[in-house]
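Chains C and V, in that order, give the protein sequences.
Per our numbering: the first sequence = residues 33 to 400.
Per our numbering: the second sequence = residues 107 to 350.
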Amino acid sequence: MKRWFGFVRKEFYHILRDRRTMFILIGMPLVQILLFGFAVTNEIREARIGILDLSRDEHTQEIRNKLMASGYFRQVADWQRPEQVEAGFKSGDVKVVLIFEEDFGQNLKREGLAHVQIITDATDPNTGQTLLSYVSTIIIDYQRELNQPYQLPLRIEVETQMRYNPELKGVFLFVPGLITIILMLVSALMTSVSIAREKEMGTMEVLLASPMRPIQIILGKVAPYVLLGLLIALGVLLIGYFVFDVPVKGNLLLLAAEGLLFVITVLSLGVLISIVSPNQQVALMVSMMVLMMPTILLSGFMFPIENMPPFLQYISLIIPARWFIVIIKNIMLKGSGIEQIWQETLILFGFTVFYIVLAIRRFKVRLA
Amino acid sequence: MSDTVNHSIQVRELTRKFGDFTAVDHITFDVKQGEIFGFLGANGAGKTTAIRMLCGLLSPTSGQAEVCGYDLFDQTEEIKRNIGYMSQRFSLYEDLTVEENILFYGGIYGMKRRELRSQTDILLDRLGLGPIKRVLISELPLGWKQKLAFSTALIHDPAIVFLDEPTGGVDPLTRRQFWEMIYETAHHGTTVFVTTHYMDEAEYCDRVSIMVDGRIAALDTPRKLKEQFSANSMDEVFVKLARP
Numbered sequence: 033m034k035r036w037f038g039f040v041r042k043e044f045y046h047i048l049r050d051r052r053t054m055f056i057l058i059g060m061p062l063v064q065i066l067l068f069g070f071a072v073t074n075e076i077r078e079a080r081i082g083i084l085d086l087s088r089d090e091h092t093q094e095i096r097n098k099l100m101a102s103g104y105f106r107q108v109a110d111w112q113r114p115e116q117v118e119a120g121f122k123s124g125d126v127k128v129v130l131i132f133e134e135d136f137g138q139n140l141k142r143e144g145l146a147h148v149q150i151i152t153d154a155t156d157p158n159t160g161q162t163l164l165s166y167v168s169t170i171i172i173d174y175q176r177e178l179n180q181p182y183q184l185p186l187r188i189e190v191e192t193q194m195r196y197n198p199e200l201k202g203v204f205l206f207v208p209g210l211i212t213i214i215l216m217l218v219s220a221l222m223t224s225v226s227i228a229r230e231k232e233m234g235t236m237e238v239l240l241a242s243p244m245r246p247i248q249i250i251l252g253k254v255a256p257y258v259l260l261g262l263l264i265a266l267g268v269l270l271i272g273y274f275v276f277d278v279p280v281k282g283n284l285l286l287l288a289a290e291g292l293l294f295v296i297t298v299l300s301l302g303v304l305i306s307i308v309s310p311n312q313q314v315a316l317m318v319s320m321m322v323l324m325m326p327t328i329l330l331s332g333f334m335f336p337i338e339n340m341p342p343f344l345q346y347i348s349l350i351i352p353a354r355w356f357i358v359i360i361k362n363i364m365l366k367g368s369g370i371e372q373i374w375q376e377t378l379i380l381f382g383f384t385v386f387y388i389v390l391a392i393r394r395f396k397v398r399l400a
Numbered sequence: 107m108s109d110t111v112n113h114s115i116q117v118r119e120l121t122r123k124f125g126d127f128t129a130v131d132h133i134t135f136d137v138k139q140g141e142i143f144g145f146l147g148a149n150g151a152g153k154t155t156a157i158r159m160l161c162g163l164l165s166p167t168s169g170q171a172e173v174c175g176y177d178l179f180d181q182t183e184e185i186k187r188n189i190g191y192m193s194q195r196f197s198l199y200e201d202l203t204v205e206e207n208i209l210f211y212g213g214i215y216g217m218k219r220r221e222l223r224s225q226t227d228i229l230l231d232r233l234g235l236g237p238i239k240r241v242l243i244s245e246l247p248l249g250w251k252q253k254l255a256f257s258t259a260l261i262h263d264p265a266i267v268f269l270d271e272p273t274g275g276v277d278p279l280t281r282r283q284f285w286e287m288i289y290e291t292a293h294h295g296t297t298v299f300v301t302t303h304y305m306d307e308a309e310y311c312d313r314v315s316i317m318v319d320g321r322i323a324a325l326d327t328p329r330k331l332k333e334q335f336s337a338n339s340m341d342e343v344f345v346k347l348a349r350p
């Protein structure tokens, strides 16, 4: 055990003396979370709205007031004629347009049915979708208010609701995603490169010729990166919690346990990669291709999995991060317990066993 | 096998196959304690495979062998504890200091902290590296690194030290000094098992074996080998054997 701690200490020297790598490891997540938290966001604030109100009665005025009061919109046009709408869109002045039909208020009173049209600029589909649901939510709200005094016995209402993240804050999704990526980067990529480095430098031979057992060597290489990865992930979590009010509704212990499981999963993958790679360059390339790219692109971190073509959806099934993102999001944002996420946990566990068995077999082949 | 007292290595019909290819083909030899044993051969002759087997890095396909009196098949753990190994590629960590490297290697051999400290100081004094023990390895000239790597391989006082092409890329003067260190080590009773490409170095060995195509083609003292092949130098002996 003492021998092993000496080994781990040496590994920390490597990490701490490589200032550039340290800087990237700590600086990158910091920059990313601040960028995504403050600058890049799906949140809609002061979206430019144009209104064509062909009725101009108390009801339309009421709805317009509500829209403005929500804080999500800033009215930039109040048109008189339909032709003006097209021009407003084309020039890019407005992102969303609300059109009230003629005699809106009268139709509502007499026939109980009035029409509005919402048009959004869908060049950016996400924003378009979001704006659409914001506006309709506000109108449906108003409709409900109107209905209240009449006490109609049977009434079906269409309701749009944004659950768990009602304001659609990007940072809510980003913090769990970033934690996943960091655990992946630090645990898997850094370990695979550092083991490959020992192989390349010839020091691995010397280590294997010593009384240290191979398993001790691997664990010694891995341990510091586990610690580093979990620490940085904790940092991101704290920044998310205190600076951006990202909730952590679930059990912290469960979150830590699941985090550890995921670290072990990706570590075993990293060790596997380093065993099959002859040198650092190959290890780095393989880690990038096998770990980072698919994780960032296909895990549901950047693009919703449901929107992918079926082929890519199938590929995403074999990406460990995909399952962990579901787990961590559920624990943090929904407060799920193990009952809700046991399937994903089991899948991660399966991946881990698979990688470890494969790594041990490859390692034995090399030695025997 | 008997009389392990005088022999640090005893090898009988040791063989290693990779699929259909036989890298080491039934080799048999003994190495005496305190001997400087030269292990020669062209690239691909099977030297590295043989040395890796003897160090417990690779398991043999068949045959028998004892290293330091321990069986190569089921006592590799004990063997590893009693040997030192210096690989042909550089085995010190560039981003660690002179002292940290020594402490690290001593540590993985399970040396006690206090013993290790005093050993380290003795070693650094002998090499004249005491004043720069806090300097990073990457800042040392190659010759010093080589000498330090050798001393580090000896830090736990092994019975045998395996040197795999230890003098590659080093200037003649440093090589000379390096061999003086090897002599001193052997004089203290440590067996030195060394592979090399330099034929002048083969002359320094007590006995030399020359491997050709996985077999030991010749094994004797440099003087007798030269007589046997009526050659003036080991270089000639080697050329006659390796390129018939």
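In this text, a Cβ means the ideal position worked out from N, Cα and C, and glycines have one as well.
Remember, it's a predicted structure, so these values are computed and weren't measured experimentally.
Which complete alpha helix (DSSP H) runs does the segment 90 to 157 of chain C hold, if anything under 4 residues is left out? The alpha helix (DSSP H) runs of length 4 or more contained entirely in the segment 90 to 157 of chain C are, from start to end of the chain, 90 to 102, 115 to 122 and 136 to 143.
Whose Cβ in chain C lies nearer than 7 Å to the Cβ of V/Tyr215? The answer, in chain order, is Ser242 and Pro243.
Taking 8 Å as the limit between beta carbons, can you name the residues of its chain near V/Glu119, skipping five residues before and five after? So the qualifying residues of the chain are His132, Ile133, Thr134, Ser168, Gly169 and Gln170.
Would you say C/Val238 faces chain V, with C-beta separation under 8 Å as the test? Cβ-Cβ to chain V under 8 Å: yes for C/Val238.
Is the CB-CB distance between V/Val130 and V/Ala156 below 8 Å? Closer than 8 Å, so yes.
Whether V/Thr60 touches V/Glu307 by CB criterion (8 Å): A query on residue 60 of chain V cannot be resolved here, the shown segment of chain V reaching from 107 to 350 and no further.
Cβ atoms of C/Ile81 and C/Gln107: under 8 Å apart, would you say? It is a contact, given that the beta carbons lie within the stated cut-off.
Among residues of its own chain, excluding the 5 on either side of V/Ile288, which ones have a beta-carbon nearer than 6 Å to its beta-carbon? Only Val298 meet the Cβ criterion.
Could you work out which residues of chain C lie near V/Gly162, taking near to mean beta carbons separated by less than 9 Å? Chain-order list of chain C residues neighbouring V/Gly162: Leu240 and Ala241, by C-beta distance under 9 Å.
Note down, in chain order, every chain C residue with its Cβ under 8 Å from the Cβ of V/Asp201. Going along chain C in sequence order, the residues near V/Asp201 (Cβ under 8 Å) are Tyr45, His46, Arg49 and Asp50.
Against chain C, with Cβ distances strictly below 8 Å, would V/Ser224 count as a contact? For V/Ser224, the closest Cβ of chain C is not nearer than 8 Å.
Could you check if V/Asn112 is buried or exposed, using at least 16 other CB atoms within 10 Å of its CB as the buried criterion? Flag for V/Asn112 reads exposed.
Say whether chain C places a C-beta atom closer than 8 Å to the C-beta of V/Arg122. False, the Cβ-Cβ gap to chain C never drops below 8 Å.
If I measure Cβ to Cβ from C/Ile328 and keep anything under 8 Å in the same chain, skipping five residues before and after, which residues do I get? Excluding residues within five positions, the ones whose Cβ falls inside 8 Å are Ile213 and Met334.
Selection from V/Arg313, V/Met305 and V/Cys311 that minimises the alpha carbon distance to V/Val345: Residue V/Met305 is the option with its Cα nearest to V/Val345.
Beta strand (DSSP E) segment containing V/Leu120, residue limits: Here the beta strand (DSSP E) through V/Leu120 covers His113 to Phe124.
What does the Cβ neighbour count give for C/Ile289, buried or exposed, with the cut at 16 atoms within 10 Å? According to the sequence provided, residue 289 of chain C is Ala. The question's Ile does not apply to it. Exposed.
Beta-carbon neighbours of V/Ser197, restricted to chain C and to distances below 7 Å: Going along chain C in sequence order, the residues near V/Ser197 (Cβ under 7 Å) are Gly234, Thr235 and Val238.
Using the rule of at least 16 other Cβ atoms within 10 Å of the residue's Cβ for burial, across every protein chain shown, is C/Met364 buried or exposed? Buried, since its Cβ has 16 or more Cβ neighbours within 10 Å.
With distance defined between alpha-carbon atoms, name the residue in V/Gly234, V/Leu209, V/Ser315 and V/Asp277 nearest to V/Leu222. Scanning V/Gly234, V/Leu209, V/Ser315 and V/Asp277 for the CA closest to the CA of V/Leu222 turns up V/Leu209.
Residues sharing a beta bridge with C/Ile81, DSSP: Answer is C/Gln107 and C/Val128.
According to DSSP, simplified to helix, strand and coil, what is C/Ile170? DSSP places C/Ile170 within a helical segment (H, G or I) once states are collapsed to three.
Got a sec? Which residues, its chain only, sit under 7 Å from C/Gly252 by beta carbon, not counting five neighbours each side? The residues are Trp36, Phe39, Val40 and Glu43.
Which term fits C/Leu215, buried or exposed, when burial requires 16 or more other beta carbons within 10 angstroms of its beta carbon? With 16 or more other Cβ atoms within 10 Å, it is buried.
Less than 8 Å between the C-beta atoms of C/Val258 and C/Leu299, yes or no? Yes, the Cβ-Cβ distance between C/Val258 and C/Leu299 is below 8 Å.
3-residue-minimum beta strand (DSSP E) runs that sit fully inside the segment 212 to 272 of chain V, ordered along the chain: Correct list: 266 to 270.
Quick one: is V/Ser193 near chain C, going by C-beta distance under 8 Å? Answer yes: the Cβ-Cβ gap between V/Ser193 and chain C drops below 8 Å somewhere.
Counting only Cβ pairs nearer than 8 Å, list the residues of chain C close to V/Arg187. Result: Pro243.
Can you check whether the CB of V/Gln194 is closer than 8 Å to the CB of V/Asp90? The structure shown has nothing for residue 90 of chain V, since chain V only spans 107 to 350.
Looking only at C-alpha atoms, which of C/Glu90, C/Val308 and C/Leu163 sits nearest to C/Arg229? Residue nearest to C/Arg229 within the set C/Glu90, C/Val308 and C/Leu163 is C/Val308 (criterion: CA-CA distance).
Beta-carbon neighbours of V/Glu206, restricted to chain C and to distances below 7 Å: The contacting residues are Tyr45.
Span of the alpha helix (DSSP H), counted from its first residue to its last, around C/Thr327: First-last of the alpha helix (DSSP H) with C/Thr327: Met325 to Leu330.
Over what stretch of residues does the beta strand (DSSP E) that includes V/Leu279 continue unbroken? It is not in any beta strand (DSSP E) - V/Leu279 instead sits in the alpha helix (DSSP H) that spans Pro278 to His293.
With DSSP run on the structure shown, which of helix, strand or coil describes V/Gly320? Coil.
At which residues does the alpha helix (DSSP H) containing V/Thr154 begin and terminate? Its alpha helix (DSSP H) spans residues Lys153 to Leu160.
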